[in-house]
Amino acid sequence: MNLETRKLNLINWISSVQEEEVLARMEMVQRERSDWWDAVSGADKEAIHEGLAQLDKGESITRSEVRNKIKEKYNF
């Protein structure tokens, strides 16, 4: 069964649902699947964009470099 057929089957089933609880659960699933980016604050979005720009410019360090800096800073 292809994707379009599956979607149509779900649409048909949803249109026949009479139970409030089933619809409420489906609405909950819909809300959970909303784009997480919409919930990110403006400041966090800015920081993410800045980090991505730094990566594009090659301004990054490896995981082992991060671990070494933490070890040095906190005397691990």
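Each residue of the sequence shown is one higher than the one before, starting from 1 at the first, in the UniProt record's numbering. A virtual CB, placed ideally from N, CA and C, is assigned to each residue, including glycine.
When secondary structure is reduced to three states using DSSP, Met1 falls in the coil class, being assigned neither helix nor strand. With respect to Asn12, Met1 sits apart: the two C-beta atoms are not nearer than 9 Å. The straight-line gap separating the alpha-carbon atoms of Trp36 and Ile48 is approximately 13 Å.
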